[in-house]
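Beneath this line is the structure, given in structure tokens, with notes to follow.
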Amino acid sequence: MAGDEPTEGRPIAGTRAFFGPRAAGWEDRFPDDGPAYAAAVRALDPPSGGVVLDAACGTGRALEPLRAAVGPAGVLLGLDVTPEMLGDALSRGRGTLATLVLADVTRLPLATGSVDAIFAAGLVSHLADPVQGLGELARATRAAGRLAIFHPIGRAALAARHGRQLEPSDVRAPDRIAATLAAAGWRLDYLDDGPQRYLALAGRVAGPRSSSSS
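In case it helps, my numbering puts the sequence shown at residues 278 to 491.
As structure tokens, this is what we get:
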């Protein structure tokens, strides 16, 4: 869901209302983001042959580098809550790269500990409860699994794009993201909060924090 941002913590109906009408041509608005996605996938370093989830995959921009990383033996899932976004991904042929699933990332249709790595672009600021949402990602991830929280431009540049100042309450702020991840069962290992991108890499360290199960 990277790109423009609706109001933080928007519920599912609001997310669909925002992204649905914008799905067609969404990716074309940001034509230069591909290398940033590829670099973030390399930083996540998902295991060859592993099970990887692109959480809130949108039009599936990360699916090609993720598929290259996991290889033909790997399992790649692209999950999003907005049907139109998945429809655009299918129209771009990305259904051949991953199994595309219409679902809510806060209630994943996945077994506990079934995923090796998760890529989440533009997701965290849209979670109504970031600890619960990140905790659900932790539930689905095996011990020592990896998470990448990504945006293809920096927070300051994104705020400027929308005529805003950086908010101290932003869950992605350096003084908040580590604590939020820790409360959800992750350990922050790396943070790039610079002008060119936002990338937080975390490792799974604790038991399930979400009440959701499958």
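Glycine included, every Cβ here is placed at the ideal spot set by N, Cα and C.
Just to confirm, is the Cβ distance from residue i to residue j under 8 Å?
i, j, result
"L321", "A398", "no"
"V392", "R419", "yes"
"T383", "L404", "yes"
"R449", "G462", "no"
"Y314", "P472", "no"
"L458", "A417", "no"
"R346", "P323", "It should be pointed out that residue 346 corresponds to Ala in this sequence rather than to Arg. A contact, by the Cβ cut-off of 8 Å."
"F396", "L443", "no"
"S325", "G302", "no"
"A332", "L400", "yes"
With a cut-off of 8 Å on the beta carbons, I'd call residue i and residue j a contact; round off their distance for me.
i, j, result
"Y475", "F427", "7 Å"
"V352", "A339", "With 8 Å as the limit, V352 and A339 do not qualify as a contact, their Cβ atoms being about 15 Å apart."
"D365", "T336", "5 Å"
"R464", "A479", "6 Å"
"L330", "L354", "5 Å"
Taking the C-alpha atoms as reference points, what is the distance between residue i and residue j?
i, j, result
"L296", "D305", "Note that residue 296 corresponds to Phe in the displayed sequence, not to Leu. In a straight line, the C-alpha of F296 is about 14 Å away from that of D305."
"S489", "R432", "Confidence in S489 is poor, its pLDDT being 45 and thus under 50, which makes the residue's placement unreliable; the coordinate value appears in the next sentence. Approximately 30 Å between the Cα atoms of the pair."
"V358", "L377", "11 Å"
"R237", "I454", "Here the chain comprises residues numbered 278 to 491, so residue 237 is not present and cannot be evaluated."
"L367", "E341", "13 Å"
"L435", "A350", "37 Å"
"A394", "D470", "21 Å"
"E361", "P407", "24 Å"
"V328", "G412", "18 Å"
"A290", "A421", "33 Å"
"D447", "T373", "36 Å"
How far does the beta strand (DSSP E) with residue i in it reach, from first residue to last?
i, result
"R481", "Y475 to R481"
"R438", "That residue, R438, is in no beta strand (DSSP E); its alpha helix (DSSP H) goes R432 to R438."
"L414", "Segment P407 to A417 is the alpha helix (DSSP H) holding L414; no beta strand (DSSP E) there."
"D452", "No beta strand (DSSP E) contains D452, which is instead part of the alpha helix (DSSP H) from P451 to A460."
"D378", "Here residue 378 turns out to be Val, not Asp, going by the sequence shown. Counting along the chain, the beta strand (DSSP E) containing V378 begins and ends at T376 to L379."
What are the residues that DSSP puts in a beta bridge with residue i?
i, result
"G422", "Bridge partners of G422: none, in fact."
"V332", "According to the sequence displayed, residue 332 carries Ala and not Val. DSSP output for A332 lists L356 and A397 as bridge partner(s)."
"V392", "T418"
"F427", "A398 and L476"
Where do the ends of the alpha helix (DSSP H) carrying residue i lie?
i, result
"R319", "G311 to L321"
"G399", "Run containing G399: none; DSSP gives neither H nor E here."
"L465", "L465 -> not in any alpha helix (DSSP H); beta strand (DSSP E) instead, spanning W463 to D470."
"E444", "Looking at the DSSP string, E444 is not in any alpha helix (DSSP H), and its letter there is neither H nor E."
"D346", "It is worth fixing the name first, because residue 346 is Ala in this sequence and not Asp. L340 to V347 is the span of the alpha helix (DSSP H), which, as asked, contains A346."
For residue i, is the beta carbon positioned less than 7 Å from some heavy atom of the ligand MN?
i, result
"A346", "Looking at this structure, you won't find the ligand MN or any other ligand, since it has none at all."
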